[in-house]
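Its first residue numbered 36, the sequence shown is counted upward by one per residue in this note's numbering.
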Amino acid sequence: MLERKMMDRLRGWKDAGARKAFVLLGARQTGKTHVVRRFAQECYDDFVEVNFLDRREDASFLSESDGAEELLSRLSLLEGRSIPAGALIFLDEVQHIGADVVTLSKFVVEDGRYDLVLSGSLLGTVLEGVTSFPVGYAQVERMYPLDFEEFCSAVGVPNAILDQIREAYRKKVPVTEALHERMVKVFRQYIAVGGMPEAVQSFLDNRRALGAAREVDLAVVEQYRYDISRYVSTSRRPVVQTIFDNIPSQLAKENKRFMLRSIKAGATYERLDDDFAWLTKAGVALPAHLVREPRYPLERTRVAEKFKLYSSDCGVLLSQYPTGAAVRVASGTGDANFGAVYENVVAQELLSAGFPLRYYHHSKKGEVDFLIETSEGAVLPIEVKSGKDYKLHTALNNLLGTKEYGIDCAYVLSEHNVSRAERMGKPVYYLPLYMVMCLSAERGESELHKTTLEAVGFEDLL
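Printed below as a string of structure tokens:
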């Protein structure tokens, strides 16, 4: 059974009294339904689930309710029994209800007798534009594929080993060479398998056969294409499909910024904004936006129309490249440039840890892969290196040497063990890629997962 961190979020919500609906967003196949069912079995004596994908006629029946009492009466009719107080009500695939999900959630929360979880693979696309979402009625969370730490747990890496790695990260000291080599191999497996729960489970069930995981990841790609053909309007569908199909090739370029002309000649961001937004809100694509100045707050100089577009999952991304690429990544052989998939993993980890994705580019200073803000309000630049020249990073040096930026240190992630160097009189820490799971420590506990509607804007949630 795959252990997911979202279980802790659900338990915390219940322990707090569950006076809000728990709204779980996320891409298809990330494990939302499974984790809610497991939570219900563990924490509730009674559980009601309505899946509006399987029971679409029930969507209109419930959405016609004009109050909490009628809604709950209709729900009990659908269940063929009375629903005892204290039960968990789970409404799944609620994108098929549309904006009525807002009203339904408010009714159940106001009634007070039941706890309510709402989930949907495309829920983000439905809620976009809903201005009447009841503030104070919902705790909104996003489900991602398994992160690297969850993958380690799934493949049997002991918690004691993960603790050693966290301690080495905190002290910025190397781990033993034997441990380092083992963790590099696990990290390569993670890149090839990805974090889609079914892909991870298939990998484990088939004696760690990468081909079994790749088959699942390819099926996820087709599922995303199907969702686009089904849920995107006819007029927008070809462009959204083209954007999705172009993600691997755009990332494979030396300059990984998504070029609008790859969609069609003369394309502008203003015309395509909604098409990119659909993929982002559906959880299929992860945009990393350019910032013009690497200074706090980074949002101040974010450029909306310039961005890199990462896949929601590294395994899904790698499945869209030739099989040989996956073989070379997993084995660490060959001379292929793995920068795209390595960066994709780091983007996933940063986002799941609560960091907005930002990068820096300047025509004279160069480009730095990621910038994050620490809990102290400092900007921390991060470079991702897939080759042997991991200590060559001119752009990073330029940032450290620009006094007005006030950057105190930088990180370089590669397959090499921990080391330290001075650049422009400031420390650069060379960290193994598997320590990406430790970057959440750069945010204080109080800053992690601020995903209630009261705390952040809806754009940040999606």
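Backbone N, C-alpha and C fix where the C-beta goes; we use that ideal spot for every residue, glycine too. If you're wondering where the values come from, they're calculated on a predicted model, not measured in any experiment.
| Query | Result |
| --- | --- |
| Exposure of residue 329, with buried meaning 16 or more beta-carbon neighbours within 10 Å | buried |
| Closest Cα partner of residue 338 within the set 38, 422, 323 | 323 |
| Sufficient close CB pairs (3 or more, under 8 Å) joining the region 465–475 to the region 444–453 | yes |
| Cβ neighbours of residue 440 in the same chain (closer than 8 Å, five flanking residues each side left out) | 328, 329, 330, 414, 434 |
| Own chain residues within Cβ distance below 8 Å of residue 400, not counting five before or after | 430, 433, 434, 437 |
| Proximity of residue 38 and residue 188 at Cβ, strictly below 7 Å | yes |
| Distance CB(residue 44)-CB(residue 176) smaller than 7 Å | yes |
| Alpha helix (DSSP H) segment containing residue 310, residue limits | 304–316 |
| Rounded straight-line distance, which links the Cα of residue 112 to that of residue 101 | 16 Å |
| Residue nearest to residue 364 in terms of C-alpha spacing, selected from 225, 298, 285 | 225 |
| Rounded C-alpha distance that separates residue 129 from residue 64 | 15 Å |
| As assigned by DSSP and simplified to three states, the class of residue 343 | strand |
| Helix, strand or coil at residue 281 according to DSSP, with G and I counted as helix | helix |
| Touch test, the region 195–209 against the region 84–95, Cβ-Cβ under 8 Å, three pairs minimum | no |
| Option nearest residue 103 by Cα separation, candidates 180, 116, 317, 148 | 148 |
| Spatial distance of residue 167 from residue 140 (CA atoms) | For residue 167, the predicted model reports a pLDDT of 47, less than 50, meaning its position is unreliable; a value from the coordinates is still stated below. If you take the alpha carbons of residue 167 and residue 140, they lie about 12 Å apart. |
| DSSP state of residue 401 mapped onto helix, strand, coil | strand |
| Residue 252 versus 315, 238, 53, 262, residue with shortest Cα-Cα distance | 238 |
| Residue 346 versus residue 117: straight-line alpha-carbon distance, rounded | 44 Å |
| The alpha helix (DSSP H) enclosing residue 352, as first and last residue numbers | 349–354 |
| Short Cβ contact (7 Å threshold) for residue 507 with residue 66 | Absent from the model: residue 507. The displayed extent of the chain is 36 to 497, so no value can be given. |
| Alpha carbon of residue 333 to alpha carbon of residue 83, nearest angstrom | 44 Å |
| DSSP three-state assignment for residue 324, whether helix, strand or coil | strand |
| Exposed unless 16 or more other CB atoms sit within 10 angstroms - verdict on residue 60 | buried |
| Straight-line gap, residue 292 to residue 361 (C-alpha atoms, nearest Å) | 23 Å |
| Alpha carbon of residue 123 to alpha carbon of residue 348, nearest angstrom | 31 Å |
| Inter-stretch contact (C-beta, 8 Å, three-pair minimum) for the region 407–425 and the region 210–223 | no |
| Residue span of the beta strand (DSSP E) that contains residue 385, given as start and end | Careful: residue 385 lies outside any beta strand (DSSP E), inside the alpha helix (DSSP H) at 374–387. |
| Residue 494, DSSP secondary structure in three states | Here the model assigns residue 494 a pLDDT of 39, short of 50, so the residue's position is not dependable, and the following value carries that caveat. Looking at residue 494 - three-state DSSP - the assignment turns out to be helix. |
| Continuous alpha helix (DSSP H) assignments of at least 4 residues falling wholly in the region 239–269 | 245–266 |
| Under the three-state DSSP convention, the category residue 392 falls into | coil |
| Cα-Cα separation between residue 249 and residue 186, rounded to whole angstroms | 16 Å |
| CB of residue 62 within 7 Å of CB of residue 422, strictly | no |
| Beta-carbon contacts of residue 184 that lie in its chain and below 6 Å, excluding the five residues immediately before and after | 472 |
| Cα-Cα separation between residue 378 and residue 125, rounded to whole angstroms | 36 Å |
| Distance, residue 403 Cα to residue 397 Cα | 9 Å |
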